[in-house]
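Input: a single structure, listed below in structure tokens.
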Amino acid sequence: GAVVSQHPSRVICKSGTSVKIECRSLDFQATTMFWYRQFPKQSLMLMATSNEGSKATYEQGVEKDKFLINHASLTLSTLTVTSAHPEDSSFYICSPLGGVADNEQFFGPGTRLTVL
Amino acid sequence: KQEVTQIPAALSVPEGENLVLNCSFTDSAIYNLQWFRQDPGKGLTSLLLIQSSQREQTSGRLNASLDKSSGRSTLYIAASQPGDSATYLCAVRNSGYSTLTFGKGTMLLVSP
Numbered sequence: 003g004a005v006v007s008q009h010p011s012r013v014i015c016k017s018g019t020s021v022k023i024e025c026r027s028l029d030f031q032a033t034t035m036f037w038y039r040q041f042p043k044q045s046l047m048l049m050a051t052s053n054e055g056s057k058a059t060y061e062q063g064v065e066k067d068k069f070l071i072n073h074a075s076l077t078l079s080t081l082t083v084t085s086a087h088p089e090d091s092s093f094y095i096c097s098p099l100g101g102v103a104d105n106e107q108f109f110g111p112g113t114r115l116t117v118l
Numbered sequence: 206k207q208e209v210t211q212i213p214a215a216l217s218v219p220e221g222e223n224l225v226l227n228c229s230f231t232d233s234a235i236y237n238l239q240w241f242r243q244d245p246g247k248g249l250t251s252l253l254l255i256q257s258s259q260r261e262q263t264s265g266r267l268n269a270s271l272d273k274s275s276g277r278s279t280l281y282i283a284a285s286q287p288g289d290s291a292t293y294l295c296a297v298r299n300s301g302y303s304t305l306t307f308g309k310g311t312m313l314l315v316s317p
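Residue numbers (my numbering), protein chains in the order written: chain X, 3 to 118; chain U, 206 to 317.
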């Protein structure tokens, strides 16, 4: 399957700081990037969808000014959690889509964010 | 709006048993369906992808079936092993470039 990397895998930060998460599709070009978050014992919830070179589309209830998404290239997308608060603590997972036969979707290994 | 339900929420079996995980979805006009495995604290591993025109897919000890008209899919795991312990997620896509809609998963524990 496709190779997707995320960095960092784990981050702990103080309340009020900003955290940037990188997602890279290593062996294909991602025309679309999905960002999800997952709270403990819950399933994945879509946060936003971005297409390369365009502004992201956010799901209802997700603040676009708080979760900044940049998809400047076909292999890299970033999610920045601005002014993080403890309630933003979650598992963030990216999923690039594009150029893969039959639209099989692959996911990054995830980033565990803990805001103190 | 598509909704995906997985039953049971949790399952505990002894090693060697064959087992079935169930997934149902409310909108039968799907593009494809994927089964994933998620280990604790990890990302998702794609197990099987079934296109809307297909009835089943097999990979090793795993077999997934799809009955689109009734809005159901099952994941069959043969001869379960402790290494199969994980959460299994079912997800459906309604169009070629739409996102996946996930169920809440079935947490499987296979004891030695």
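Ideal Cβ placement from N, Cα and C applies to all residues, glycine included.
None of the values given here were measured: they were computed from a predicted structure.
In the DSSP output, what is residue i paired with across the bridge?
i      : result
X:K22  : X:T82
U:Q256 : U:N237
U:D272 : U:R277
X:T59  : X:T51
Please tell me whether residue i and residue j are closer than 8 Å, where the distance is taken between their beta carbons.
i      : j      : result
X:G100 : X:A32  : yes
U:I255 : U:N237 : yes
X:L118 : X:S20  : no
U:L249 : U:L267 : no
U:S290 : U:K273 : no
In this structure, how does DSSP classify residue i when only helix, strand and coil are distinguished?
i      : result
X:P98  : strand
U:D232 : coil
U:P213 : coil
U:S317 : With the sequence shown as reference, residue 317 of chain U is identified as Pro, and Ser is not the correct amino acid for it. Here U:P317 sits in coil by DSSP.
U:P287 : helix
X:P88  : helix
Starting from residue i, trace the beta strand (DSSP E) both ways and give me its first and last residue.
i      : result
U:E261 : 261 to 264
X:F109 : Neither: X:F109 is in no beta strand (DSSP E) and is coded neither H nor E.
U:T292 : 291 to 298
X:P42  : Note, X:P42: premise wrong, no beta strand (DSSP E); not H, not E.
X:F69  : 69 to 72
U:T181 : It is not possible to answer for residue 181 of chain U, since the shown part of chain U is limited to 206 through 317.
X:V13  : 12 to 15
X:Q31  : From DSSP, X:Q31 is part of no beta strand (DSSP E); its letter is neither H nor E.
X:T8   : Inspection of the sequence shows that residue 8 of chain X is occupied by Gln rather than by Thr. Element bounds for X:Q8: 6 to 9.
Q. Is the stretch 208 to 226 of chain U touching the stretch 269 to 288 of chain U in the sense that three or more CB pairs, one from each, lie closer than 8 Å?
A. yes
TODO: State whether the stretch 226 to 233 of chain U contacts the stretch 66 to 84 of chain X, with contact taken as three or more CB pairs (one from each stretch) at a distance under 8 Å.
DONE: Cβ pair count under 8 Å is below three, so no.
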